[in-house]
Structure formats: structure tokens, C-alpha cells
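A.B. asks:
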Amino acid sequence: MISLFIEEVIQYGFFQKALLTGVAVGIVCGVIGCFIVLRGLALMGDAISHAILPGVAISYMLGINFFVGAAIVGLIAAFGIGFINQNSIVKNDASIGIVFSLFFAVGVLLIAKAKTAIDLTQILFGNVLTVSDTDRSMTLIIGALVLILVFVFYKELVLTSFDPVMAEASGMKVGLIHYLLMLMLTLVTVVSLQTVGVVLVVSLLITPASTAYLLTYRMSTMIFLSALIGAVSAIVGLFFSFSFNLSSGPSIVVVATVFFILAFLFAPRRGLIAKYL
Amino acid sequence: MFKVNNLGVTYNNKVRALENANVELPLGKIYGIIGPNGAGKSSFIKGVLNLVKHTGEVTVDGTLIKKKQRDISYVAQRSDLDMTFPISVLQCVVLGTIPGLGLFKRPGKKEFEIAKEALEKVGMLDYKDNQIGELSGGQFQRVLIARALAQKSKLVFLDEPFVGIDVHSEEIIIKVIRDLRKEGVTIFIIHHDLSKARDYFDGLILINKTILAYGNVDDVFTEENLKLAYGSNIFVKVGENS
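Given below as C-alpha cells:
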């Protein structure tokens with residue numbers, strides 16, 4: 001079956017493109033996911049991914065590239081959550097819940113009213129096989145941009161993830177770094193839209209990162225492992241998706257979770273079995 | 001001169017943690033910040049460091065402290081940090097050099113040397129490759145002190161550094177802090193153990209919702225002032241300890 005898969009990959013252009021997109025998404029989500037997991041922002045990742053829905057709808061209505069609309073709306077959601085947090089006693093998870101449900105609801109309404117050609121199911125769950133050439137190029141460009149941003153602001157991201165209070169006391173712009181991460185999170189979500197869809201993006205963000213977290217004691221190794229697990233999950237997931245005619249997004253997510261379960265059980269020192277030995 | 005002018009801290013839930021706090025103290029000394037639980041000691045530091053919304057202003061030699069933040073090291077209570085964070089002891093100390101680096105500069109050989117020197121001073125160089133979660137409370141506190149040393153700042157603020165740590169670590173930290181004073185660094189330490197106040201500090205800031213007294217230990221550490229801050233029961237405790 002695997003040789004058939006490889007043969008098909010070589011033979012069919014659309015499948016090569018799907019694979020390339022999937023791997024790119026796996027890597028970028030894996031890298032950003034490390035910071036999301038270490039900062040305890042898993043719920044925020046889920047929220048931003050859902051919140052971009054109206055941005056996608058509005059972009060289609062205005063006939064602009066949906067990357068632009070989604071990125072703007074994602075940032076507005078992040079600011080909204082931050083604003084409620086800082087100006088009321090409402091707890092962080094509640095303000096996240098309030099804002100992202102609203103955005104998601106408005107998105108669903110807009111898509112229904114707009115009568116555009118957008119297929120809601122496709123946005124929600126992704127379909128990597130229908131990715132157009134333009135969108136694939138955008139995915140690769142934005143993915144590369146996000147990786148460059150992480151590289152440039154690496155030391156700021158690490159310090160503000162580990163000890164934001166010390167960083168702020170010493171004059172670093174902790175808030176700015178937070179919103180930079182939110183911008184990257186939004187971009188990554190948009191990039192992943194067609195591969196896994198908005199509902200399951202959070203899995204690609206936090207599952208490979210959490211797997212890597214169980215396997216290493218070094219930040220740089222964690223990022224590398226997380227990206228690797230994301231990429232491999234995409235390849236294996238697409239293989240099953242193709243071989244058994246399954247949806248691409250859910251297949252990738254299941255594979256990523258299998259890796260997590262393996263690490264959860266067998267990780268040296270931090271795994272369940274190591275704990276009881 | 002370190003000058004706090006009319007500092008007030010009120011949290012979002014309208015709880016007034018601190019009001020009308022005024023302090024004027026010379027630099028280059030070790031100051032203890034003391035007061036009962038919930039008196040606003042941490043709020044005082046956070047207000048001074050602009051970590052929380054506050055009124056009033058703080059100056060160092062006439063310059064607003066906001067403009068000198070690169071010169072500040074702050075070590076919050078250990079419990080606020082994630083001990084499972086994937087970072088080694090050495091990398092943790094290198095983080096101290098980051099606020100002083102430019103935007104696109106990465107910590108290099110020089111920064112790692114600074115970090116190793118700092119670890120040496122607190123007797124933790126042998127642990128440089130350990131993950132921080134593998135350390136005891138006292139060892140980790142020494143690593144945080146090393147990180148503050150690596151920042152090479154002029155003002156150091158420590159929030160309850162001696163809580164829950166071993167005697168050996170406490171001795172090392174006190175020694176390191178005294179060495180810093182020799183270099184002209186000003187150190188502020190939130191501390192709750194009154195019995196050590198005379199031994200550790202050059203001066204005190206006594207807090208309970210506002211600044212009750214500040215200045216030399218002998219001037220502040222009086223029956224009258226402590227009664228003002230803690231109520232009347234305090235003298236039983238002090239008597240037992242000394």
C-alpha cells in the first residue's frame with residue numbers, strides 16, 4: 001500500500017501539492033504550538049482559530065484574499081479578549097469563551113446570509129486536496145514569514161514565556177510580544193484552514209507541542225521535535241486519508257494524537273510507565 | 001536617592017492595597033520591606049516597578065524609574081514560575097542578559113560567560129546542565145539570584161527570597177547581596193522574619209497599607225512602630241526569636 005501511495009504521490013500533481021501544504025502546516029503549527037503550550041494558551045489557540053470565521057466570510061464578500069480578513073479579525077478578537085481581561089473581574093477563560101463564541105456565531109450567520117460559494121464544512125474541517133495554487137503559495141509564504149518572526153524574536157518569546165514579570169520589570173514590551181504571538185497564531189490558523197479546518201487547528205497547535213514537551217528538557221529541542229511530529233503527522237495522516245478515502249484534517253489529528261499517546265505512556269522520565277517503574 | 005512620591009495601588013476589584021506611600025532613601029544599601037501579611041509589600045514593589053496600575057511617581061536620582069527599567073532586576077516569588085519549563089539552569093541564568101541585549105542580538109559567548117560567573121558566585125555551576133525542575137527550592141532561588149546578577153543592574157528587588165529555602169542557600173544569597181552592595185547596587189528585599197532584620201538590612205521600610213516608617217533599622221525597628229504595623233501581639237514573637 002505504501003509503495004502505491006508513493007507512486008500516486010509522484011504521479012498526481014494535486015497530491016504532491018497537498019502533501020507539501022500539509023507538511024508546511026505541520027511544521028509551522030508545531031513551532032508556534034510550543035509557545036502556546038508553554039504559556040498556557042491552549043484555549044486561546046482554540047479561540048483565535050474559531051474567531052477568524054467572520055474574517056473569512058467578509059473577505060469572500062469583498063472579494064479580497066481571505067488571509068487579510070482573517071488576520072485582521074483574529075487580532076481584533078485577541079485584543080477584545082485582552083480588553084475584557086484587563087478591565088473587569090471576569091476570569092481569563094470566561095472572557096475567551098465569550099469573545100470567540102460571538103465571533104464564531106457571527107461568522108456562521110455571515111456565511112449563511114452571504115450566499116457565497118463558501119462551503120462551511122470545508123472551512124470547519126478543511127480539505128487539503130482542493131487547495132488552489134494561489135492558496136498554496138500563500139500558505140508557504142506566510143508559513144515562512146511566521147518561522148522568520150519566531151527566529152528573530154526567539155529570545156524575547158522564550159523570556160516572556162518563562163518569566164513575563166521579570167521581563168516587564170526590566171523594561172521589555174511584554175504586551176507587544178503577546179500580541180505578536182497572537183498575530184502569528186492568527187496567521188498560522190489561516191494557513192491551516194484548508195488542511196485541517198478551524199475546528200481542528202488547535203489539535204495541530206497543542207498536540208505535537210505537548211508530545212515534544214514530554215520528550216525533552218530543552219526549548220530548542222522541543223521546537224524541533226514538535227515541528228517534526230507535526231510534519232510526520234501530516235504525511236501519515238494524508239496517507240491514510242488518501243488510502244482509505246478519509247477527510248484529511250481529522251486523519252492528521254488522529255495520527256498526531258497517536259504520537260502523543262505513545263509519548264504519554266513511554267516518554268523517558270516523564271511518561272506514565274517511567275513514573276511507575 | 002530612591003524616592004517614592006505618593007504611591008497608591010488599587011486593584012480592579014477596588015481593593016486598595018496601598019495608598020499615599022512616601023519613601024526617600026539613599027542608594028547603595030540593603031533595605032528590608034517588612035509588614036504583616038496582606039499589608040501591601042508586594043503591591044509596593046509592583047507599583048514601584050510599574051507592574052500594576054498605580055498613582056504617584058518613583059524616581060532614582062531624579063530620573064523617573066520608568067526610564068531606568070533596564071537597570072532593574074526583579075525576582076518574584078519562586079512559586080510564580082513554571083518549574084517544568086524546558087530550560088536548563090545555565091539557559092535560565094542567560095535569560096538575565098536578554099533585557100540588556102538589542103532587538104536582533106542573541107546571547108553569545110560573552111553572555112554565557114557572564115551567566116557562568118554568576119552561577120559560580122551562588123555555588124551552582126555544577127548544576128548548569130540540569131533542568132530547573134530538578135533543583136531544590138533553595139538551589140532554584142540561588143539560580144534566580146544568579147540570573148539577577150547576570151542582568152548587572154543597579155537596583156535589585158527580591159520578593160520573599162528566603163521563604164522555604166535551606167540555611168546554606170540563605171547564607172550564600174546574603175553573602176552575594178552584600179557583595180553587590182559593595183559595588184554600589186541598591187537591594188530591596190521583602191522579608192517577613194523580623195528576627196533577622198537587624199542582621200540583614202541597613203534600612204527598613206515598614207508597610208501596612210501605607211508606609212508607616214522608613215530609614216535606618218534602629219529608627220524604624222522600635223516598639224512603637226511595630227505595634228503600629230502588627231498590633232500588640234508582635235512583641236511576644238520578637239522576644240522569642242531574639
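Chains as they are written, first to last, in the UniProt record's numbering: chain A, 1 to 277; chain B, 1 to 242.
Beta carbons: idealized from backbone N, C-alpha and C, even for Gly.
Would you say I173(B) lies against chain A (beta-carbon separation less than 7 Å)?
C.D. replies: As a first step, residue 173(B) must be located in the second sequence, where it is residue number 173. Chain A contact via Cβ: absent.
A.B. asks: Please confirm whether S95(A) has its beta-carbon closer than 7 Å to some beta-carbon of chain B.
C.D. replies: Within the first sequence, residue 95(A) is the residue found at index 95, counting from 1. No - not a single Cβ of chain B is within 7 Å of the one on S95(A).
A.B. asks: In the DSSP assignment, find the unbroken beta strand (DSSP E) run with T59(B) in it and report its ends.
C.D. replies: Working through the second sequence from its first residue, we reach residue 59(B) at position 59. Its beta strand (DSSP E) spans residues 55 to 60.
A.B. asks: Exposed or buried, which one is I141(A) when buried takes at least 16 other CB atoms within 10 Å?
C.D. replies: Position 141 of the first sequence, counting from 1, holds the residue named residue 141(A). So I141(A) counts as exposed.
A.B. asks: List the endpoints of the continuous alpha helix (DSSP H) containing A200(B).
C.D. replies: As a working note, residue 200(B) is residue 200 in the second sequence. The sequence given here has Tyr at residue 200(B), not Ala. For Y200(B), the enclosing alpha helix (DSSP H) begins and ends at 197 to 200.
A.B. asks: What's the call for M1(B), buried or exposed, on a 16-neighbour Cβ count within 10 Å?
C.D. replies: Taking the second sequence and counting its residues from 1, one reaches residue 1(B) at position 1. Exposed, by the Cβ-count rule.
A.B. asks: Alpha helix (DSSP H) containing K182(B): first to last residue?
C.D. replies: Here residue 182(B) is taken as the residue at index 182 of the second sequence, counted from 1. Where K182(B) is concerned, the enclosing alpha helix (DSSP H) stretches over 167 to 182.
A.B. asks: For P26(B), does the count of other Cβ atoms within 10 angstroms reach 16, so buried, or fall short, so exposed?
C.D. replies: Along the second sequence, one-based indexing puts residue 26(B) at 26. Exposed.
A.B. asks: Between D166(B), F157(B), S195(B), I190(B), which lies nearest to L180(B) when the distance is taken from Cα to Cα?
C.D. replies: Translated into the one-based positions of the second sequence, residue 180(B) becomes position 180. Comparing Cα-Cα distances from L180(B) to each of D166(B), F157(B), S195(B), I190(B), the minimum goes to F157(B).
A.B. asks: Please name the residue in A234(A), L204(A), N85(A) whose C-alpha comes closest to that of G175(A).
C.D. replies: Counting from one through the first sequence, the residue named residue 175(A) turns up at place 175. The shortest C-alpha separation from G175(A) is found at N85(A).
A.B. asks: With T189(A) as the anchor, note down where its alpha helix (DSSP H) starts and where it stops.
C.D. replies: In the first sequence, residue 189(A) corresponds to position 189, counting from 1. 174 to 192 is the span of the alpha helix (DSSP H), which, as asked, contains T189(A).
A.B. asks: Give, in chain order, every unbroken run of the alpha helix (DSSP H) that is at least 4 residues long and sits entirely within the segment 31 to 78 of chain A.
C.D. replies: With a minimum length of 4 residues, the continuous alpha helix (DSSP H) runs that stay inside the segment 31 to 78 of chain A are 42 to 51, 53 to 62.
A.B. asks: Using 10 angstroms around the beta-carbon of S226(A), count the other beta-carbons present and answer buried if the total reaches 16, otherwise exposed.
C.D. replies: For this step, residue 226(A) is matched to residue 226 along the first sequence. When all chains shown are included, S226(A) counts as buried.
A.B. asks: Can you pull the chain A residues whose beta carbon is under 9 Å from the beta carbon of P107(B), in chain order?
C.D. replies: Counting from 1 along the second sequence, the entry for residue 107(B) is found at position 107. Near P107(B) (Cβ distances below 9 Å), the residues of chain A are K155.
A.B. asks: Tell me which residues share the same chain as F5(A) and place their Cβ nearer than 6 Å to its Cβ, disregarding the 5 neighbours each side in the sequence.
C.D. replies: Within the first sequence, residue 5(A) is the residue found at index 5, counting from 1. So the qualifying residues of the chain are F239.
A.B. asks: On the three-pair Cβ rule with 8 Å, is the segment 146 to 156 of chain A touching the segment 95 to 111 of chain B?
C.D. replies: yes
A.B. asks: By DSSP, does I96(A) sit in helix, in strand, or in coil?
C.D. replies: For the purposes of this step, residue 96(A) is taken as the residue at position 96 of the first sequence. I96(A): helix per DSSP, three-state reduction.
A.B. asks: Answer yes or no: does any C-beta atom of chain A fall closer than 7 Å to that of P86(B)?
C.D. replies: In the second sequence, residue 86(B) corresponds to position 86, counting from 1. Closer than 7 Å: yes.
A.B. asks: Would E240(B) be called buried (16 or more neighbouring beta carbons within 10 Å of its own) or exposed?
C.D. replies: For the purposes of this step, residue 240(B) is taken as the residue at position 240 of the second sequence. Only weak support is given to the placement of E240(B): the predicted model assigns it a pLDDT of 41, under 50, and the value that follows is read from those uncertain coordinates. Exposed.
A.B. asks: Does Y74(B) come out as helix, strand or coil in the three-state DSSP assignment?
C.D. replies: Along the second sequence, read from residue 1 onward, the residue named residue 74(B) stands at position 74. Three-state DSSP puts Y74(B) in a strand.
A.B. asks: Quick one, which of A21(B), K41(B), I98(B) has its alpha-carbon nearest G171(A)'s?
C.D. replies: As a position in the first sequence, residue 171(A) is number 171, starting the count at 1. Here the closest residue by C-alpha is I98(B).
A.B. asks: Closer than 7 Å, CB to CB, is V236(B) near chain A or not?
C.D. replies: Counted from its first residue, the second sequence places residue 236(B) at position 236. The predicted model places V236(B) with a pLDDT of 44, which falls under 50 and marks its position as unreliable; any figure quoted below should be read in that light. False, the Cβ-Cβ gap to chain A never drops below 7 Å.
A.B. asks: Closest Cβ-Cβ distance between Y217(A) and chain B: below 7 Å?
C.D. replies: As a working note, residue 217(A) is residue 217 in the first sequence. Closer than 7 Å: yes.
A.B. asks: Quick one: list the residues of chain A neighbouring Y74(B), beta-carbon separation under 8 Å, in chain order.
C.D. replies: Walking along the second sequence from the start, residue 74(B) turns up at place 74. Residues of chain A passing the Cβ test: V165, M166, A169, S170.
A.B. asks: Pick out whichever of V255(A), G40(A), L145(A), S137(A) has its Cα sitting closest to the Cα of I96(A).
C.D. replies: Residue 96(A) sits at position 96 when you count from the first residue of the first sequence. Selection V255(A), G40(A), L145(A), S137(A) evaluated against I96(A) yields G40(A) as nearest (Cα-Cα).
A.B. asks: Rounded to whole angstroms, what's the CA-CA distance from S242(B) to S195(B)? Just pull it up for me.
C.D. replies: Taking the second sequence and counting its residues from 1, the one referred to as residue 242(B) is at position 242. Taking the second sequence and counting its residues from 1, the one referred to as residue 195(B) is at position 195. Caution applies to S242(B), whose pLDDT of 39 falls short of 50 and renders its modelled position unreliable; the value that the coordinates give is listed next. Their backbone Cα atoms lie some 6 Å apart in a straight line.
A.B. asks: In this structure, does DSSP put I89(A) in helix, strand or coil?
C.D. replies: If you number the first sequence from 1, residue 89(A) lands on position 89. The answer is coil: DSSP assigns I89(A) none of H, G, I, E or B.
A.B. asks: Kindly confirm or deny that the segment 27 to 37 of chain B and the segment 70 to 89 of chain B touch, where touching means at least three C-beta pairs closer than 8 Å.
C.D. replies: No, the segment 27 to 37 of chain B is not in contact with the segment 70 to 89 of chain B.
A.B. asks: My assumption, with CB atoms under 8 Å, is that V48(B) sits in contact with L7(B). Please give the rounded CB distance.
C.D. replies: The sequence position of residue 48(B) within the second sequence is 48, counting from 1. The sequence position of residue 7(B) within the second sequence is 7, counting from 1. At roughly 7 Å, the Cβ-Cβ gap stays under 8 Å, so V48(B) and L7(B) are in contact.
A.B. asks: How long is the line joining the alpha carbons of K91(A) and S132(A), rounded to whole angstroms?
C.D. replies: By 1-based counting over the first sequence, the position of residue 91(A) is 91. By 1-based counting over the first sequence, the position of residue 132(A) is 132. Whole-angstrom Cα-Cα distance: 41 Å.
A.B. asks: What residues from chain B crowd round M222(A), counting only those whose CB sits closer than 7 Å?
C.D. replies: For the purposes of this step, residue 222(A) is taken as residue 222 along the first sequence, with counting starting at 1. Those within 7 Å of M222(A) in chain B are P86.
A.B. asks: If we cut at 7 Å on Cβ distances, does E240(B) have a partner in chain A?
C.D. replies: Residue numbering aside, residue 240(B) sits at position 240 when the second sequence is read from its first letter. Because E240(B) sits at a pLDDT of 41, beneath the cut-off of 50, its placement in the model cannot be relied upon, and the point is left open.
A.B. asks: Going along the chain, which residues of the segment 29 to 53 of chain A sit with their C-beta nearer than 9 Å to a C-beta in chain B?
C.D. replies: So the list reads C34, L38, G40, given in the order they occur along the chain.
A.B. asks: If you measure from the beta carbon of I190(B) to each beta carbon in chain A, is any gap under 7 Å?
C.D. replies: Start at 1 with the first residue of the second sequence, and residue 190(B) comes out as number 190. Residue-level contact check: I190(B) does not touch chain A, since none of the beta carbons of chain A fall below 7 Å from its beta carbon.
A.B. asks: Starting from K128(B), follow the beta strand (DSSP E) in both directions and report where the run begins and ends.
C.D. replies: Taking the first residue of the second sequence as 1, we reach residue 128(B) at position 128. Where K128(B) is concerned, there is no enclosing beta strand (DSSP E), given that its DSSP letter is neither H nor E.
A.B. asks: Beta-carbon of I89(A) versus every beta-carbon of chain B: anything under 7 Å?
C.D. replies: Counting from one through the first sequence, the residue named residue 89(A) turns up at place 89. Taking Cβ atoms only, chain B reaches closer than 7 Å to I89(A), which makes this a yes.
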